[in-house]
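Number of protein chains: 2
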Amino acid sequence: MSSTTQPADLARHPLQGLRVLDLGQIYNGPYAGFLLAMAGADVIKIEPLSGEALRARGGMTGLAFSMGILNSNKRGIAMDLKSEAGKELFIKLVQEADVLLENFAPGAMERLGLGAERLQQLNPRLIYASSTGYGLSGPDRDNLAMDLTIQAYSGIMSINGPVDGPPLKTGPAIADFLGGVHLYAGIATALYEREITGIGRSVEIAMLETTFPVLSTSLTSMYNLGGKQPPRRGNSHPASASAPYGVYTTTDGHVAIICVREVHWQRLVTVMNQPGVEDNLHFADQKTRGKYGDEVDEVVNAWSCKLNKAEVVELLRAHNVPVAPVRTIPEVVEDPHMHSRGTLHRVKHPEFGDVVLPHSPLRFEGEQRVSLQPSPRLGEHTYKVLDDWLGYDAATVDALLEQGTLAAPDPRDRRAGHEQ
Amino acid sequence: MSSTTQPADLARHPLQGLRVLDLGQIYNGPYAGFLLAMAGADVIKIEPLSGEALRARGGMTGLAFSMGILNSNKRGIAMDLKSEAGKELFIKLVQEADVLLENFAPGAMERLGLGAERLQQLNPRLIYASSTGYGLSGPDRDNLAMDLTIQAYSGIMSINGPVDGPPLKTGPAIADFLGGVHLYAGIATALYEREITGIGRSVEIAMLETTFPVLSTSLTSMYNLGGKQPPRRGNSHPASASAPYGVYTTTDGHVAIICVREVHWQRLVTVMNQPGVEDNLHFADQKTRGKYGDEVDEVVNAWSCKLNKAEVVELLRAHNVPVAPVRTIPEVVEDPHMHSRGTLHRVKHPEFGDVVLPHSPLRFEGEQRVSLQPSPRLGEHTYKVLDDWLGYDAATVDALLEQGTLAAPDPRDRRAGHEQ
């Protein structure tokens, strides 16, 4: 702790006191709202009366667990933005808000009469943040966009997958999440700028555009190939410029090994202690090994396949060679490291039971982080939010519920809502 | 434009006037610095005398093109942080800086005597931002980390790849870039907070932790499977909950098709006009189609394989079914949409020639964005930066060059540097 700072200043949450309306759905918008909530903002998740699209995607449970992952520490209300009374109530909330975020298709909010321009006329300090597949302008603006189609259109699929297979989507929904974290990044930037100018800025993210820099390795390969498409390379180095680089077999699974520096290879050779490796000219340096990558992989696999994952990892860590076991999702959920850092939490969730949920990957030194609150049921915080933000009494809210402007919350939540 | 705002306020760059020291290397740190530079900050890329690691990874060109992608609009100086004179100069720069970012291994800056605590004592307004593989605490802190090993350890590999294949790394280096954009997000948050508190905050990102929320679909599948590892699913829906969902064959490549809503499927059925599809009970609703996904894919492929990519895309777009061609990297680089939006630029780069480079995916409504400046040569802006930041005259810089504290810039750049 520096002598010029006060502990109290660091214990605060970076975004405390800020009010956010989160109209996000599925992954993209909700992840931005999640990062805002975990940094201390008061984030209100606004859903349509029937709940957002993700609620219904739960398979056998009826409620998708991802709802629980991405909506922690938000308070929930459900309202009909198509009705006049709903729009009126929404505008009152907007007038109290610092940030509004949404990931609807371009033009959806304008069609409701709730576009950025109108809302910022009513509240010039409002930061209006939109994330779409292709952006709010340009010839592709109105193409329907999902993570899958953006992965196709962005070029990601063309360089993901085994050498001899078809183009492959990535396992995780990376276009959605790149969109979400860039949306948060834009909002945080606009919050900073508003402190300078006093004016809220509209922020716009296109998922497609967030994927472009992520192609850096393939763009480099294309450049080196004189503008041609680089091949899919499975687990090998995208430009055949390095080996060992990839995934190797053990008796009980796989490990990733990478020798970035010459000394890593020398140490690996020592550990493997295989005849004929040290003086093989095909293994002379990084560049040559990259060229003869298949031979390198054969040697490493011949060694690793006789050991188990833990043995390979322990040996190579002890010798400072970059290595990691390929872990399953259940192993990752139990990761002692992330639990010890307070990134993963064991939570008793009212809808999902005993589960592990993440806190934010954004960490601020000295902050007493907000405690993790389970995601809201549909309309759970209706009374509390309308009281906090607008000073509405219960009778006023009751009237809005009865006329169908708000969704009736679960009886357990009526007039209470859980405290945060 | 709202009546209460001034055009001049919106034309400004959100981060103009901010000073950043970017010690980033490879992708992670440099991408955060790139986003800062494109939002208007004065970002100084500080490299060791021999240049950062990425410079040497260029294959036949000797300089990796990714250097050019991720370092636009930064000014470059090269200095020896291990020498006393280098440390002294560095600290003078730190005293003028708003942000310092780095993605060295944990403890590297402390070992140089330049850790966050000391630097923030010297400059309490400094935001010190670190991105590492595993974070600055916890049992795995000191494991060597690269994008590849984080992909293994995070669980990403376990759910990427074809059904019958081994765990597979994703084509793009997503762990590195998720780290980089979260690092930027943390910095922007701390910049906002500093306006409230007056104090700079340390920000910490662990690549491993940024990948966890991105697993949401697989975490949901695991939850639905009672805690078991979900299988790799190639291009199919991770939870078999939806079809069509995936990549389909045409006469000249592949297309991605996804029917999120029932109406998408009905429209697709109309377009395909295949006998026996409409009344097949296996295709009755989303859930049933998900269960019989292989049959659905067979029907769609039987139709798509007779058309070319453009035909499939045009037909389905006309009928509002979510679709996209699987594009190659060269196609993406020429994308008319991203060029029209000013996201991609044709640049004559002094080291790479005529190339396409990206602007930032963070877009602020009304901003006159900074014009794209090519990435710096090693030490290119030495004289200009030390004059701007510290008021050093040429003779003072000459002395530092002669004693080896700074790297001699290319003779073309001596005393000039290109203007930004």
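Protein sequences, first through last, are from chains A and B. With the first letter of the first sequence counted as 1, position 126 gets the number 580 in the working numbering; the numbers rise by one all the way through. With the first letter of the second sequence counted as 1, position 149 gets the number 603 in the working numbering; the numbers rise by one all the way through. Cβ atoms here follow ideal geometry from the backbone N, Cα and C, with glycine treated the same way.
In this structure, Arg743/A is the residue among Asn678/A, Asn727/A, Arg743/A with its C-alpha nearest to the C-alpha of tyrosine 699/A. Cβ neighbours of alanine 849/B within its own chain (closer than 7 Å, five residues either side excluded): none.
C-alpha of glycine 625/A to C-alpha of threonine 651/A: approximately 42 Å in a straight line.
One thing to note: leucine 576/A has its Cβ no nearer than 8 Å to the Cβ of isoleucine 531/A. Distance between proline 684/A and histidine 718/A, taken at the CA atoms: about 27 Å. Distance check between serine 584/A and each of Gly845/A, Asn482/A, Leu679/A places Asn482/A closest, using alpha-carbon atoms only. Taking 8 Å as the threshold, the shortest C-beta distance from leucine 602/B to chain A falls below it. DSSP places alanine 562/A inside the alpha helix (DSSP H), whose first and last residues are 562-565. Straight-line spacing of the CA atoms in proline 828/B and valine 723/A works out to 41 Å. Within the segment 638-650 of chain B, those residues whose Cβ lies closer than 7 Å to any Cβ of chain A are, in chain order, Tyr638, Ala639, Gly640, Ala642, Thr643, Ala644, Leu645, Tyr646, Glu647, Glu649. Bridge partners of lysine 528/B according to DSSP: Val497/B.
Taking C-beta separations shorter than 7 Å and ignoring five residues to either side along the sequence, the partners of glycine 494/B in its chain run His467, Pro468, Leu469, Gln470, Val824, following chain order. Non-local C-beta neighbours of aspartate 630/B in its own chain, meaning closer than 6 Å and more than five positions away in sequence, comprise Tyr481, Asn482, Asp601, ordered along the chain. For proline 812/B, the three-state secondary structure derived from DSSP is strand.
Taking 8 Å as the Cβ-Cβ cut-off, the segment 486-505 of chain A approaches chain B at Phe488, Leu489, Ala493, given in chain order. Under a criterion of Cβ atoms nearer than 9 Å, the residues of chain A adjacent to phenylalanine 818/B are, in order, Gly640, Thr643, Ala644, Glu647, Arg655, Ser656, Val657, Glu658. For the segment 735-817 of chain B, the full-length alpha helix (DSSP H) segments reaching 4 residues or more read 740-745, 747-758, 763-772, 783-787, 790-794 along the chain.
Around the beta carbon of valine 617/B, fewer than 16 other beta carbons sit within 10 angstroms, so the residue counts as exposed.
If you look at serine 656/A, you'll find it in the beta strand (DSSP E) that goes 656-660. A residue is called buried when at least 16 other Cβ atoms come within 10 angstroms of its Cβ; leucine 632/B meets this threshold and is buried. Straight across, the Cα-Cα distance linking alanine 606/A with lysine 623/A is about 7 Å. With respect to chain B, the C-beta atom of aspartate 552/A has no partner C-beta closer than 8 Å. For asparagine 557/A, no chain B residue has a C-beta closer than 8 Å to its own C-beta; the minimum C-beta separation is roughly 14 Å. Methionine 533/B carries a strand assignment under DSSP once its states are collapsed to helix, strand and coil. Burial is judged here by how many other beta carbons sit within 10 angstroms of a residue's own beta carbon; glycine 615/B has at least 16 and is buried. Closer than 8 Å to the CB of arginine 795/A there is at least one CB belonging to chain B. Against chain A, the CB of asparagine 597/B has a partner CB under 8 Å away; the residue lies at that interface.
The Cβ atoms of leucine 673/A and serine 520/B lie closer than 8 Å to each other. Excluding the 5 residues flanking it on each side, leucine 517/A has same chain C-beta neighbours closer than 7 Å at Arg509, Glu805, in chain order. Closest in alpha carbon position to leucine 472/A, among Tyr646/A, Tyr588/A, Met563/A, His835/A, is Tyr646/A. Shown here, leucine 576/B sits in a helix according to DSSP, grouped into three states. For glutamate 556/B, DSSP records a beta bridge to Ser584/B. Leucine 816/A has its alpha-carbon roughly 20 Å from the corresponding atom of alanine 627/A.
With a minimum length of 4 residues, the unbroken runs of alpha helix (DSSP H) contained wholly in the segment 616-695 of chain A fall at 628-651, 661-665, 670-678. Where aspartate 476/B is concerned, the enclosing beta strand (DSSP E) starts and stops at 473-476. Linking alanine 861/B to valine 548/B through their CA atoms gives a straight-line distance of about 19 Å.
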